[in-house]
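Participant:
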Amino acid sequence: MKEIIVNNDFQTLLQTIEDISKDKSKSILVLLTGSKDPNGQSWCPDCVRAEPVIHDVLSDKSDDTVLVTTYIDRDPWKKADNSFRTHSQLRAKCVPTLINWQTSNRLEEGQLLDKQLLEMLLEE
């Protein structure tokens, strides 16, 4: 698996996805998660719990799987008009959210602690 980090920038996220999508062999996963402070601590406790499970499941995936991780700051996230919430394909209701970009299927919050659900999302 290859991981690309996008920090709190909606337009960069969309451009990154568009660039990766040019290679039809790539499977794109988008992870929306809480940003981290300089000490590496996230404001989102659910994100802290989900991160190691997600990376464990994805660690043995080929380089054809690309995880685009987007760290979102708390204050912008809380606004109802946040682009991550309102974009037609993202429609994020919570963080963490993991989206299979090709199918638009997603797992949210506690679902991301279930390795079987994660595997199913990847197989779709």
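For the sequence shown, counting from 1, position 31 maps to 19 in this note's numbering; every step adds exactly one.
We put the CB at the ideal spot given by N, CA and C, even for glycine.
For chain C, find out if any of its Cβ atoms is closer than 9 Å to the Cβ of E39; answer yes or no.
Facilitator: Chain labels in this structure do not include chain C; a single protein chain is all it has.
Participant: Looking only at DSSP bridge pairs, what is S30 linked to?
Facilitator: What you label residue 30 is simply residue 42 of the sequence shown in a count that begins at 1. S30 pairs with K24.
Participant: Taking C-alpha atoms, which residue in F(-2), M(-11), K(-10) lies nearest to T58?
Facilitator: To locate residue 58, count along the sequence shown from 1; it is residue 70. Comparing Cα positions, the closest option is F(-2).
Participant: Using C-beta distances below 6 Å, list every residue in its chain close to R73, excluding the 5 sequence neighbours before and after it, in chain order.
Facilitator: As a first step, residue 73 is located in the sequence shown; it is residue number 85 there, counting from the start. Answer for R73: A80, listed in chain order.
Participant: In terms of DSSP beta bridges, what is L95 paired with?
Facilitator: As a working mapping, residue 95 is identified with position 107 in the sequence shown. Its beta-bridge partners are L86.
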